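In what follows, a single structure is set out as C-alpha cells and then discussed.
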Amino acid sequence: MIWRDWLKQWKMTKLQLNPPFLNVELKIANADKDAAWEMYIELLTRITTQTLDPKDGDEKTALDSIYKLFEITREIIKRHGRDSLEFTKLAIVVLNQIIRPFTARWHKPSVSGAFSDSVQRDLFRKELAELQIDLRRYTGMLGYMAGVETDLLLLEQAETTDTDVANH
300 MIWRDWLKQW KMTKLQLNPP FLNVELKIAN ADKDAAWEMY IELLTRITTQ TLDPKDGDEK
360 TALDSIYKLF EITREIIKRH GRDSLEFTKL AIVVLNQIIR PFTARWHKPS VSGAFSDSVQ
420 RDLFRKELAE LQIDLRRYTG MLGYMAGVET DLLLLEQAET TDTDVANH
C-alpha cells in the first residue's frame with residue numbers, strides 16, 4: 300500500500316505531505332510496530348481519545364496531557380531509532396499539523412487564566428472534541444501499524460461520534 304491510499308483509507312487526507320512522498324510504499328518494520336504500539340497505548344489512555352464529560356475533568360490538565368505527547372513521541376522515536384522510520388514519518392506530521400496548532404492556540408489563553416471563564420472552557424472543550432476526531436483516527440492508524448487485531452479504542456465506546464474509526 301502507498302502512503303496516499305493509506306491516508307485516504309483513514310480519512311487523514313488533511314495531512315499536508317510532499318506529493319512524491321505520497322506515492323512511496325508503506326513498509327512497516329518491527330521497530331515501527333513496537334513504536335506504534337507504545338504510542339497507541341499512550342493515546343488510548345489519555346484525553347486524546349476519551350470523551351471529557353462536560354461536568355467532569357479540568358481543561359488545563361487536558362491541555363497538559365495533549366502537550367505531553369510531544370515529549371512522549373520524541374522519546375519513542377529516539378528509543379526505536381532509524382528502524383522506525385514509517386512510524387516517525389506519521390508521528391511527526393501528526394504532531395506538527397494536528398496537535399501543535401491546538402496546543403499553540405490554547406497555550407497563551409491557558410496561562411492567562413482563560414479557563415476560569417465558562418465561555419472559554421466551553422470553547423476549549425468544543426475544539427478538544429474536534430481534535431479528538433483526528434486523534435482517534437491517528438490512534439486507529441497506529442493500531443493498524445502495530446498489528447492490533449481488535450481496535451482497543453472500540454472496547455469501551457458503546458456509541459462513537461466518529462464511526463470512520465471503526466470503518467478503516
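Okay, so the sequence shown: first residue is 300 according to my numbering, each after it adds one.
Every residue, glycine too, gets a C-beta built ideally from N, C-alpha and C.
Since we're looking at a predicted model, the values are computed, not measured.
(request) Enumerate, from N- to C-terminal direction, the unbroken alpha helix (DSSP H) stretches of 4 or more residues contained entirely within the stretch 344-420. (result) 358-379, 384-393, 399-410
(message) Distance check for LEU321 and ASP304, CA to CA, integer angstroms please.
(response) 8 Å
(message) the ligand SAM and MET300: does any heavy atom of the ligand fall closer than 8 Å to the residue's C-beta?
(response) The model on display carries no ligand, and the ligand SAM is accordingly not part of it.
(request) Mind reading off the beta-carbon distance from LEU342 to THR350? Whole number of angstroms is fine, and I expect it under 8 Å. (result) Actually they are not in contact, since the Cβ atoms of LEU342 and THR350 sit about 14 Å apart, beyond 8 Å.
(message) Under DSSP, the alpha helix (DSSP H) around TRP302 begins and ends at which residues?
(response) 302-308
(request) Determine which residues share a DSSP beta bridge with GLU324 and list them. (result) ILE301
(message) Given this structure, state the Cα-to-Cα distance separating GLU370 from SER364, to the nearest angstrom.
(response) Distance between the alpha carbons of GLU370 and SER364 is about 11 Å.
(request) Under 8 Å by Cβ, that's how I've got LYS332 and MET444 pegged, so tell me the actual separation to the nearest angstrom. (result) Sure, about 6 Å apart at Cβ, within 8 Å.
(request) Classify THR462 as helix, strand or coil using the three-state DSSP reduction. (result) Note that THR462 scores 45 on pLDDT, short of 50, meaning its location in the model is unreliable; the coordinates nonetheless yield the value given after this. Helix.
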